[in-house]
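Colleague:
Residue numbers (this note's numbering): 162 to 632.
Written out as structure tokens, the structure reads:
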């Protein structure tokens with residue numbers, strides 16, 4: 162048993178739970194109610210009252226699901242991707258199966274072009290959604306929300322029809338990209354139990370699939386998988402492995418971030434984008450935003466959308482530019498030698514800033530969930546805003562689940578935890594890259610930068626917030 166395995170609890174190793182995880186209809190039965198809810202959201206958005214506070218579409222998607230998404234990632238990693246309703250519909254349509262495996266899906270099966278084999282399509286979609294969400298107020302439009310949901314379904318179907326496997330999940334879906342990088346904190350993982358058995362497997366059924374399980378939708382091979390960022394937890398490999406060599410394990414929180422087994426430039430850029438965009442979301446909901454946007458509009462003679470676009474671009478670019486300067490300083494002070502690749506500090510220190518963005522994301526979204534989440538109760542009884550009372554809760558509006566000082570304590574606690582993880586990760590990266598030089602000096606500017614970011618986020622939490630639906 163390896164040191165890592167000693168800290169894991171293999172849930173699939175329990176006979177009853179292992180049989181449940183291998184049961185073919187399991188994923189279908191979990192997906193089915195979510196697909197029904199997805200259909201209800203689309204219908205409510207298209208046909209219902211176009212008031213965001215009374216329509217099931219806007220409340221379910223933005224106030225509850227979108228706000229809860231980082232909490233789901235923290236608790237169960239990319240499990241949302243396994244039960245995602247738009248991918249579920251795409252799978253059913255293209256495989257012509259509800260749960261049985263097939264080696265003949267309806268697809269042209271083309272390889273994804275090399276220039277698209279990264280997270281950059283997902284990053285572009287994330288930027289576009291943020292622009293639509295905050296610049297055009299799609300979170301306040303039930304019909305716009307429904308169109309957006311249908312757009313995600315179209316992209317899943319189109320990518321699945323043209324390309325092999327679930328190309329949209331791996332390269333294009335912003336939800337998958339965000340939950341994937343956040344999954345480094347999750348206390349759950351799927352891995353091969355014994356790498357020697359994996360390496361000796363001639364068929365590689367976990368990758369190619371067989372009569373018991375479909376091929377891995379994101380082309381992961383258990384014999385070499387060290388990260389959870391592309392594992393959808395769909396359990397196809399659990400069903401297809403002929404040696405029963407797949408472990409679904411509980412693990413220490415953030416253990417993957419601590420090990421940082423493999424890094425990628427595109428993922429590092431996503432982490433840096435999240436640093437800017439999470440703070441930007443918080444800023445837009447404060448009174449300061451109206452003053453800043455108004456000042457830019459008056460000074461440059463711009464329309465509101467143009468001013469918003471410029472300020473959003475600045476919110477993304479300025480932290481990245483500052484970070485580049487910080488990394489350059491760390492390289493100079495750390496005394497790195499020829500053995501360290503030039504891009505390595507830029508890429509690896511980006512993961513050290515990820516906890517700052519992630520835990521501010523949690524803190525900010527906690528405000529939406531605790532203060533606004535109760536709006537779902539009346540919306541379930543009157544999903545279209547037509548005066549229905551299906552469950553007798555149409556006139557019931559629960560108060561905040563948490564508010565005032567208690568909520569602030571939770572939010573500040575999130576920031577503190579994020580800063581601790583940022584400091585620990587920064588120290589590990591500094592030792593790894595500059596261990597032969599001056600790691601403490603290399604750490605200093607990165608740690609100071611993370612503290613500045615946390616201080617800005619703390620200031621935002623103390624500002625009056627204009628409660629909207631969304632991130």
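Every residue, glycine too, gets a C-beta built ideally from N, C-alpha and C.
Note that the coordinates shown come from a computational prediction; the quantities given were computed from them, not determined experimentally.
1. Could you spell out the range, first to last residue, of the beta strand (DSSP E) harbouring residue 487?
2. Does the beta-carbon of residue 445 have 16 or more other beta-carbons within 10 angstroms, so that it is buried, or is it exposed?
3. Within a Cβ cutoff of 6 Å, which residues of the same chain sit near residue 360, ignoring the five residues on either side of it in sequence?
4. Just tell me which of 597, 326, 311 has its CA closest to the CA of residue 380.
5. Quick check: the segment 513–527 against the segment 562–581, are at least 3 beta-carbon pairs closer than 8 Å?
6. If we count the other Cβ atoms within 10 Å of its Cβ and call it buried at 16 or more, is residue 257 buried or exposed?
7. How about residue 604 and residue 587: do their beta carbons lie closer than 8 Å?
8. So for residue 410, helix, strand or coil by DSSP?
9. When you compare only the Cα positions, how much space is there between residue 592 and residue 319?
10. Our contact map puts residue 253 next to residue 185 with C-beta atoms below 8 Å; I'd like the distance itself, whole angstroms only.
11. Label residue 406 either buried or exposed according to how many other C-beta atoms from any shown protein chain fall within 10 Å of its C-beta, with 16 as the threshold for buried.
12. The alpha helix (DSSP H) spanning residue 210 covers which residue range?
13. Applying the 10 Å Cβ sphere with the 16-neighbour rule, what's the burial state of residue 543?
14. Which runs of the alpha helix (DSSP H), 4 residues or longer, sit entirely within the segment 289–331?
15. Between which two residues does the alpha helix (DSSP H) holding residue 437 run?
16. From the DSSP output, read off the bridge partner residues of residue 170.
17. If we count the other Cβ atoms within 10 Å of its Cβ and call it buried at 16 or more, is residue 399 buried or exposed?
18. Quick one: what's got a C-beta closer than 7 Å to residue 552's C-beta in the same chain, skipping five residues either side?
19. Straight-line CA distance for residue 620 to residue 219?
20. Checking 8 Å against the spacing of the C-beta atoms, do residue 411 and residue 188 come in under that value?
21. With DSSP as the reference, label residue 596 as helix, strand or coil.
22. So what does residue 349 bridge to, in DSSP terms?
Modeller: Quick answer:
1. Per DSSP, residue 487 belongs to no beta strand (DSSP E); it is in the alpha helix (DSSP H), 465–495.
2. buried
3. 384
4. 326
5. yes
6. exposed
7. yes
8. strand
9. 45 Å
10. In fact, because the Cβ distance is near 14 Å, the residues do not count as touching under 8 Å.
11. buried
12. Taken as a continuous stretch (DSSP letters only), residue 210 belongs to no alpha helix (DSSP H), as it is neither H nor E.
13. buried
14. 303–323
15. 426–445
16. 411
17. buried
18. 541, 542
19. 28 Å
20. no
21. coil
22. 411
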